[in-house]
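**Q** With the sequence shown counted from 1, adding 2 to any position gets you the numbering used here.
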Amino acid sequence: MLKKSLISSLLCLSLIGCGRGQQGTDSIQIKGSDTMVNLIQAWAERFMEHNRGSFVAVTGGGSGTGIAALLNKTCNIAASSRKIDAEELELAKAKGIEPKEFTVALDGIVVVVHPSNPIEKLTIAQLSDIFSGKITNWKDIGGKEGKIVVLSREVNSGTYVYFKEHVLGEGSEYTEDALLLPSSQSVADEVAQNPNTIGYYGMGYISPKQKAIAVAKDKDSPFVPPTIENVKGGSYYISRPLLVYTNGEPAGMVKKFLDFIMNEEGQKIVREIDFVPVN
3 MLKKSLISSL
13 LCLSLIGCGR
23 GQQGTDSIQI
33 KGSDTMVNLI
43 QAWAERFMEH
53 NRGSFVAVTG
63 GGSGTGIAAL
73 LNKTCNIAAS
83 SRKIDAEELE
93 LAKAKGIEPK
103 EFTVALDGIV
113 VVVHPSNPIE
123 KLTIAQLSDI
133 FSGKITNWKD
143 IGGKEGKIVV
153 LSREVNSGTY
163 VYFKEHVLGE
173 GSEYTEDALL
183 LPSSQSVADE
193 VAQNPNTIGY
203 YGMGYISPKQ
213 KAIAVAKDKD
223 SPFVPPTIEN
233 VKGGSYYISR
243 PLLVYTNGEP
253 AGMVKKFLDF
263 IMNEEGQKIV
273 REIDFVPVN
């Protein structure tokens with residue numbers, strides 16, 4: 003399995019070509035989703051092994067950051083864990099940008115607690131009450147006495163938006179006490195060290211240092227763990243496509259890169275990073 007510590011190289015991505023020279027026709031700038039950054043970096047490394055002299059720069063910052071960069075023409079590809087919204091499409095039209103969407107992988111959003119937490123499963127309604135601040139103590143849902151520490155991604159994150167829409171539900175907001183963290187890795191790290199925390203991230207970040215919660219759509223539905231098979235089969239409720247956007251129909255090196263990530267080797271990497279292939 004590929005190392006999940008790749009996120010630490012976001013500042014420069016020295017492993018994949020810092021210092022190779024000026025950007026040219028064989029360079030690609032990819033910006034956006036923090037959930038996808040390890041996956042895209044793995045693709046970039048393998049792509050450059052096959053295409054000597056090419057340069058692929060990958061940075062995170064959130065889905066909104068990536069889409070904004072595409073609209074400002076400061077990247078070739080925007081990575082996003084949510085669909086581009088109506089306001090962004092209007093801005094794109096005003097700027098003469100034509101976002102073209104590609105689904106490159108599937109993901110399950112995993113709800114995690116500390117391994118010592120006795121809680122094993124929760125319904126969507128319970129999760130909504132926890133993350134909106136209606137339930138504030140673990141004992142109220144069958145756990146030990148202790149204040150629930152809610153962790154969330156920042157508002158620019160596509161995962162933040164998706165979780166709010168599909169778990170908290172319409173009209174609900176995250177609790178004001180939620181700790182907003184800048185990356186999926188920071189959520190993972192905080193859960194690993196604090197027994198009272200609960201957080202969420204893309205399934206590519208699952209590790210033994212956190213415990214994944216089985217989720218039921220409602221009290222009459224089965225509790226389903228976040229596995230690749232359950233996401234692919236559609237039984238895990240908090241699932242979503244992972245997307246990339248280009249400005250119009252891709253061409254040249256951008257098309258070559260997208261062809262690579264959708265071929266057998268590229269989709270094998272999806273599985274190695276613990277996401278779900280689309281092919």
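Glycine residues also receive a C-beta, built at the ideal position from the N, C-alpha and C atoms. The structure displayed is predicted, hence computed values, not measured ones.
State whether the segment 53-68 contacts the segment 193-208, with contact taken as three or more CB pairs (one from each stretch) at a distance under 8 Å.
**A** Too few Cβ pairs lie closer than 8 Å, so no.
**Q** For the putative contact between residue 111 and residue 86, defined by C-beta atoms under 8 Å, what is the C-beta separation to the nearest angstrom?
**A** What you label residue 111 is simply residue 109 of the sequence shown in a count that begins at 1. What you label residue 86 is simply residue 84 of the sequence shown in a count that begins at 1. No, residue 111 and residue 86 are not in contact; Cβ-Cβ is about 19 Å, not under 8 Å.
**Q** Hey, would you say residue 228 sits closer than 7 Å to residue 214, going by beta carbons?
**A** As a position in the sequence shown, residue 228 is number 226, starting the count at 1. As a position in the sequence shown, residue 214 is number 212, starting the count at 1. Contact flag set, yes.
**Q** Distance, Cα to Cα, residue 225 vs residue 238?
**A** Here residue 225 refers to the residue found at position 223 when the sequence shown is read from its first residue. Here residue 238 refers to the residue found at position 236 when the sequence shown is read from its first residue. If I take the Cα positions, the gap works out to 9 Å.
**Q** Quick one: give me the first and last residue of the alpha helix (DSSP H) that residue 249 is part of.
**A** In the sequence shown, residue 249 corresponds to position 247, counting from 1. Unbroken run through residue 249 is the beta strand (DSSP E), 241-249; no alpha helix (DSSP H).
**Q** On the criterion of 16 or more Cβ atoms from any shown chain inside 10 Å, does residue 40 qualify as buried, or is it exposed?
**A** Within the sequence shown, numbered from 1, the residue matching residue 40 stands at position 38. That one is buried.
**Q** Taking residue 66 as part of the beta strand (DSSP E), name the residues at either end of that continuous run.
**A** The residue you call residue 66 lines up with position 64 of the sequence shown. Counting along the chain, residue 66 falls outside any beta strand (DSSP E), though it belongs to the alpha helix (DSSP H) covering 65-73.
**Q** Do the segment 182-192 and the segment 255-268 touch if we need at least three Cβ pairs shorter than 8 Å?
**A** No: the two stretches stay apart, fewer than three of their Cβ pairs being nearer than 8 Å.
**Q** For the alpha helix (DSSP H) holding residue 103, just list the boundary residues, first then last.
**A** Translated into positions along the sequence shown, residue 103 becomes position 101. No alpha helix (DSSP H) holds residue 103; the beta strand (DSSP E) holding it covers 101-115.
**Q** The alpha helix (DSSP H) that contains residue 199, what's its start and end?
**A** Walking along the sequence shown from the start, residue 199 turns up at place 197. Element bounds for residue 199: not the alpha helix (DSSP H) but the beta strand (DSSP E), 199-204.
**Q** Taking only three categories from DSSP, how would you classify residue 212?
**A** Along the sequence shown, one-based indexing puts residue 212 at 210. Coil, per DSSP.
**Q** If I'm right that residue 199 touches residue 102 with Cβ under 8 Å, what's the distance once you round it to whole angstroms?
**A** In the sequence shown, counting from the first residue as 1, residue 199 sits at position 197. In the sequence shown, counting from the first residue as 1, residue 102 sits at position 100. About 39 Å; that fails the 8 Å criterion.
**Q** Name the two residues that bound the continuous beta strand (DSSP E) containing residue 254.
**A** Position 252 of the sequence shown, counted from the start, is the residue given in the question as residue 254. Looking at the DSSP string, residue 254 is not in any beta strand (DSSP E); the run it does join, the alpha helix (DSSP H), is 254-264.
**Q** Going by C-alpha to C-alpha distance, which of 169, 66, 243 and 268 sits closest to residue 47?
**A** By 1-based counting over the sequence shown, the position of residue 47 is 45. Measuring from the Cα of residue 47, the nearest candidate turns out to be 268.
**Q** Who are the Cβ neighbours of residue 147 in its own chain at under 8 Å, not counting the five residues just before and after it?
**A** Residue mapping note: residue 147 aligns to position 145 of the sequence shown, counting from 1. Here the set comprises 139, 140 and 141.
**Q** Look at the alpha carbon of residue 222 and the alpha carbon of residue 179, and state the distance between them as a whole number of angstroms.
**A** If you number the sequence shown from 1, residue 222 lands on position 220. If you number the sequence shown from 1, residue 179 lands on position 177. So the alpha carbons of these two residues sit roughly 30 Å apart.
**Q** Who are the near neighbours of residue 127 in its chain, counting only those whose CB is closer than 8 Å to its CB and skipping five residues on each side?
**A** Here residue 127 refers to the residue found at position 125 of the sequence shown. Cβ within range, chain order: 220 and 221.
**Q** Tell me the rounded alpha-carbon separation between residue 64 and residue 177.
**A** Here the question's residue 64 lines up with position 62 in the sequence shown. Here the question's residue 177 lines up with position 175 in the sequence shown. So the alpha carbons of these two residues sit roughly 21 Å apart.
**Q** Just reading off the beta strand (DSSP E) that residue 32 is part of, what are its end residues?
**A** Walking along the sequence shown from the start, residue 32 turns up at place 30. Looking at the DSSP string, the run of the beta strand (DSSP E) that includes residue 32 is 29-34.
**Q** Could you check whether residue 260 and residue 83 sit closer than 7 Å to each other, using their CB atoms as the reference points?
**A** In the sequence shown, residue 83 corresponds to position 81, counting from 1. In the sequence shown, residue 260 corresponds to position 258, counting from 1. Result no, Cβ atoms of residue 83 and residue 260 do not sit closer than 7 Å.
**Q** Is the Cβ-Cβ distance between residue 71 and residue 277 less than 7 Å?
**A** As a first step, residue 71 is located in the sequence shown; it is residue number 69 there, counting from the start. As a first step, residue 277 is located in the sequence shown; it is residue number 275 there, counting from the start. No.
**Q** Which two residues bound the contiguous beta strand (DSSP E) that contains residue 125?
**A** Taking the first residue of the sequence shown as position 1, residue 125 is located at position 123. It spans 123-125 - the beta strand (DSSP E) in which residue 125 sits, taken as one unbroken run.
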